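Numbering (the numbering used here), first residue to last: 6 to 309.
Encoded as structure tokens, the structure appears first; notes follow it.
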Amino acid sequence: MLNGIDIFVAVVDAGSFSKAADRLNKSKSHVSKAVARLENRLGARLLNRTTRSISLTDAGRSYFDQCSQIVADAEQAARSVTDTHAAPRGLLKVSIPVSFGHSDVAPVLPEFLRANPDVTLDIELNDRRVDVIAEGYDVVLRIGELKDSNLVARQISTVRGFTVASPEYWNRHGRPKHPLELAGHACITYALIHAPARWEYQDASGKSIGVDVTSRIQCNSAELERVLAVAGLGVGRIPDFACAKEIEAGLLEPVLSEFARPPFGMYAVYPHRRHLSPKVRSFVDFLVEKFGTGRNRTNMSEQS
């Protein structure tokens with residue numbers, strides 16, 4: 006493979022000819038001769054050899070840096086050919102927003118696992134913005150725009166927001182007719198956004214209306230926002246997947262429907278790879294199939 010380049014990289018990675026030979030299931034003589042032939046073709050010594058150790062020459066170090074990537078790309082390309090027709094298998098590490106995980110993803114996971122019996126799942130439900138690559142996630146579900154160019158995002162659903170409080174709260178404090186009237190209300194704000202105490206709306210012409218609200222309670226969970234709003238402790242701006250059932254049950258009442266903003270996206274985000282593994286492709290395709298129609302979770306007016 007690769008005319009000896011792969012053997013050279015294996016020797017450097019292993020730190021000796023004998024260890025590389027064991028890993029490659031080749032004889033030590035075969036490995037040594039392959040590296041020597043490579044040096045002869047290049048007209049340069051790549052390795053300093055002693056009876057006890059090897060080390061890279063300056064030329065060898067530069068060559069290794071480039072060759073290691075070539076070998077990695079070649080191995081990935083070979084795997085991609087095999088994976089094209091391979092069944093999804095292996096551990097899939099996923100991060101999902103807490104409320105969306107409970108309300109939408111959990112009910113359909115049995116179907117995914119029955120269809121993919123060789124896939125195992127490691128699911129973390131959290132609302133923080135995880136580092137996809139550094140924390141080793143295969144897929145992360147995120148709401149909003151993708152900013153990291155090293156990641157790929159595929160939209161799986163749309164999310165609508167509702168400005169809600171309990172009917173009891175509205176009866177005590179009055180229902181606002183305009184977003185600016187929210188300034189006099191106790192609000193429950195979401196901590197994991199840049200400006201949790203500033204809420205944005207749109208009028209009929211599309212003009213933005215920013216409101217600096219009074220944050221009586223700040224938290225990092227849409228589920229907790231919903232619970233506190235149902236308890237009558239203030240006004241929340243909550244995504245549809247976290248509050249649709251409470252709206253339908255009359256426990257929460259939305260307002261300001263005429264100032265709704267357009268829905269925003271829920272994305273499956275994963276590291277940029279030329280050849281996507283079957284387990285990731287299968288899971289993302291499954292999510293798109295289940296949620297990609299932008300299902301209406303409630304027949305109430307869309308809010309922002």
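Where a beta carbon is used, it is the ideal one built from N, C-alpha and C, also for glycine.
None of the values given here were measured: they were computed from a predicted structure.
query: Per DSSP, cross-strand counterpart(s) of I101; result: L130
query: Beta-carbon proximity check, V169 vs P259, cutoff 8 Å; result: yes
query: Residue environment, D143, which counts as buried when at least 16 other CB atoms sit within 10 Å; result: buried
query: Contact set for E129: own chain, Cβ-Cβ below 6 Å, skip 5 residues either direction; result: S100
query: Residue nearest to V124 in terms of C-alpha spacing, selected from Y68, Y174 and L97; result: L97
query: Simplified DSSP state of R242, which is helix, strand or coil; result: strand
query: Buried/exposed call for S287, threshold 16 Cβ in 10 Å; result: buried
query: Alpha-carbon to alpha-carbon, R159 and R231; result: 28 Å
query: Cβ pair count under 8 Å reaching 3, the segment 14-30 against the segment 68-84; result: yes
query: Contacting residues, own chain, Cβ-Cβ under 7 Å from I222 (five flanking each side not counted); result: I193, L233, L238 and G239
query: In chain order, each beta strand (DSSP E) run of at least 3 residues that lies wholly inside the segment 144-186; result: 144-148, 156-164 and 166-170
query: T62 and R50 closer than 8 Å at C-beta; result: yes
query: Minimum C-alpha distance to G215 - residue among V235, F264, F246 and R177; result: F264
query: CB of D132 within 8 Å of CB of A227, strictly; result: yes
query: Backbone secondary structure at S210 - three-state DSSP; result: coil
query: Cα-Cα separation between S67 and P112, rounded to whole angstroms; result: 52 Å
query: R54 - DSSP class collapsed to helix/strand/coil; result: strand
query: Nearest neighbour of P184, chosen from L256, D217, R28 and D70 [CA to CA]; result: D217
query: Alpha carbon of C248 to alpha carbon of H277, nearest angstrom; result: 33 Å
query: Distance, V137 Cα to A19 Cα; result: 29 Å
query: CB of F105 within 8 Å of CB of F269, strictly; result: no
query: Nearest residue (CA-CA) to R94, options S282, L146, F69 and S34; result: S282
query: Own chain residues within Cβ distance below 7 Å of I161, not counting five before or after; result: M271, Y272, A273, L292, V293, F296 and G297
query: Alpha-carbon spacing of A25 relative to L146, whole angstroms; result: 41 Å
query: C-alpha gap between R242 and A79, whole angstroms; result: 49 Å
query: I10 in three-state terms, based on DSSP; result: helix
query: E205 and R266 closer than 8 Å at C-beta; result: yes
query: Cβ distance (whole Å) where C224 is taken to contact A196 below 8 Å; result: 6 Å
query: Buried versus exposed, by CB contacts within 10 Å (16 or more), R180; result: exposed
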